[in-house]
Structure formats: structure tokens, C-alpha cells
Amino acid sequence: MANDIGAFFDAEPDKSEAARSVATHLQRFWDPRMRRELIAHHRTGGQGLKDVVLAAVALLSADSGRT
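All letters in the sequence shown, in the order written, are residues 2 to 68 by this note's numbering.
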């Protein structure tokens, strides 16, 4: 599901903006448990996640460390 969201935002020419948009979407619409599981998957290598999603989850992961 995260890759589908990433595919939508990956049309954005600015890939940093695309990653921020994916991260914002995940923050707004995903249950905290789902985000935690995605972050945990990212920390173990994120196998199967597209580049824009990896970048977005890295942003979420950084934010989760500050709370």
C-alpha cells in the first residue's frame, strides 16, 4: 500500500517534495501502529519499498525519534 501511495506522489519532479508528500500522507491517514511497522521494516532494509517511500519513511523515522 505504501508503494501505491509513493507511485502517486512520484510524478512530482522534485523527489524531495514527493518524499515529504508521502510522509505527510502516511502521518495523516495511517494508524500509528501501521507507521511503526513500516518504520521497523525500513530499519531492517525496507526490502520491496520504492525509493520515494524509503525516503518518506526515513523522514517519518527521524520525526518519530524526536517525540
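Quick reminder that beta carbons are idealized off the backbone N, C-alpha and C, glycines included. Computed from a predicted model, the values in this text were never measured in an experiment.
Alpha carbon to alpha carbon, how far is residue i from residue j?
| i | j | result |
| --- | --- | --- |
| Leu61 | Pro33 | 11 Å |
| Leu50 | Asn4 | 6 Å |
| Arg29 | Asp64 | 14 Å |
| His26 | Ile40 | 14 Å |
| Ala38 | Glu18 | Per the sequence presented here, residue 38 reads as Glu, with Ala not at that position. If you take the alpha carbons of Glu38 and Glu18, they lie about 23 Å apart. |
| Leu100 | Trp31 | As displayed, the chain neither begins before 2 nor continues past 68, which places residue 100 out of reach and without an answer. |
| Val23 | Ala12 | 12 Å |
| Gly7 | Ala57 | 9 Å |
Terminal residues of the continuous alpha helix (DSSP H) containing residue i?
| i | result |
| --- | --- |
| Lys51 | Here Lys51 belongs to no alpha helix (DSSP H), and DSSP marks it neither H nor E. |
| Met35 | Pro33 to Arg44 |
| Asp5 | Ala3 to Phe10 |
| Glu18 | Lys16 to Phe30 |
According to the neighbour-count rule (16 or more other Cβ atoms, all chains shown, within 10 Å of its Cβ), is residue i buried or exposed?
| i | result |
| --- | --- |
| Phe10 | buried |
| Arg44 | exposed |
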